[in-house]
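In our numbering, the protein residues as written are 791 to 1009. Shown next, in structure tokens, is the structure this report addresses.
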């Protein structure tokens, strides 16, 4: 295995602790799940091998029990026929079968212990794998949520910038309008002032003419 050196490392692993230290938690939890799945495959392979061995031992035990029973029947028959020598030989064969049965019984116990341990380890590993997959879903949801929020914020920020530009352009247009109004007032005032000056000149000219006429009359 890569990340874990042995089965106990996986069982005792603190998934949250590992992911908290990871630079990329989503990638790390994916690697954790991959290694756990590979380990689970290995456990099932070992379990299959032990199950096959158990069946073989069971067949051998069944065969030896049948042989022991047959030798017991033969020993009984020999006694009935007063063939003690044959009975003794049959009993010896029966004892040999029993010795083999005792050895197979120990082997069966060892195989069953291994299978029991494998079953426990498999159950623990499946629980750990479920925990990792649940964590993976949570991380993926958080990642998608963060991406959606970031996209939304980016769009909102873009909209805000566009709005600011539009408002600035509106302000510029308003300023241009106000300046134009001021310039218009200045033009009107200048035009009015010029007109007034000419009016004053014309009025003064009329006054001078009337004064001249009055002087002539008086003279």
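Note that beta-carbon positions come from the ideal geometry of N, C-alpha and C, so glycine has one too. No experiment lies behind these values; they were computed from the predicted model shown.
Collapsed DSSP secondary structure at residue i in the structure displayed
i	result
residue 814	coil
residue 871	coil
residue 804	coil
residue 977	With a pLDDT of only 48 at residue 977, under 50, the local geometry of the prediction cannot be trusted, and the value read off the model is given with reservation. Reduced to three states, the DSSP call for residue 977 is helix.
Alpha-carbon spacing of residue i relative to residue j, whole angstroms
i	j	result
residue 924	residue 906	27 Å
residue 872	residue 866	10 Å
residue 990	residue 999	14 Å
residue 908	residue 832	10 Å
residue 811	residue 850	54 Å
residue 842	residue 902	12 Å
residue 889	residue 837	28 Å
residue 881	residue 913	47 Å
residue 900	residue 814	44 Å
residue 845	residue 896	14 Å
residue 992	residue 1002	15 Å
residue 917	residue 816	19 Å
residue 807	residue 911	22 Å
residue 877	residue 904	40 Å
residue 870	residue 864	10 Å
residue 834	residue 852	27 Å
residue 840	residue 854	21 Å
residue 996	residue 963	49 Å
residue 821	residue 935	22 Å
residue 791	residue 828	Because residue 791 sits at a pLDDT of 41, beneath the cut-off of 50, its placement in the model cannot be relied upon, and the point is left open.
residue 898	residue 926	41 Å
residue 960	residue 931	43 Å
Proximity of residue i and residue j at Cβ, strictly below 8 Å
i	j	result
residue 826	residue 929	no
residue 809	residue 819	yes
residue 823	residue 921	no
residue 891	residue 847	no
residue 862	residue 884	yes
residue 887	residue 868	no
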